[in-house]
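Data first, discussion second: the structure below is written as structure tokens.
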Amino acid sequence: MKITLLVTLVFGLLFVTALGAAEKTLTPQQQRMTLCNQQATAQTLAGDARKKYMSDCLKNTKTEPGQKSLTPQQQRMRECNAQATQQSLKGEDRSKFMSGCLKKPQ
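If you read the sequence shown in the numbering used here, its first letter stands for residue 144, the second for the next number, and so on.
Structure below.
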């Protein structure tokens with residue numbers, strides 16, 4: 144009787160543990176927090192430097208931590224600038240191209 148009870152108890156604990164582990168999928172924000180925390184630890188940041196890094200890291204959700212996310216206008220500027228450089232435009236021609244490129248609807 145005691146062995147049966149013990150075996151049932153052990154299997155019950157294993158089942159509850161497995162069930163709990165399956166439910167612990169992290170949300171994207173939790174994943175981001177974990178990643179930022181690991182990177183701050185790897186850089187051996189402490190105190191105010193760590194707080195600032197964590198704040199910046201968690202705010203920039205569209206890019207890797209440490210990189211600044213670009214606004215849509217900045218992204219458009221980058222694309223137009225790359226096109227102008229690819230076409231070897233300089234001076235007035237470049238200015239006209241950039242003006243027209245930035246005004247185009249996306």
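C-beta: ideal position from N, C-alpha, C; glycine also.
Asked, Found
"Range covered by the alpha helix (DSSP H) that runs through K194", "G190 to K202"
"Burial state of A183, where buried means 16 or more other Cβ atoms lie within 10 Å", "buried"
"Close Cβ partners of L169 (< 8 angstroms) along its chain, the five nearest in sequence each way excluded", "T177"
"Within 8 angstroms, strictly: CB atoms of R219 and L188", "no"
"Simplified DSSP assignment, three categories, for T170", "coil"
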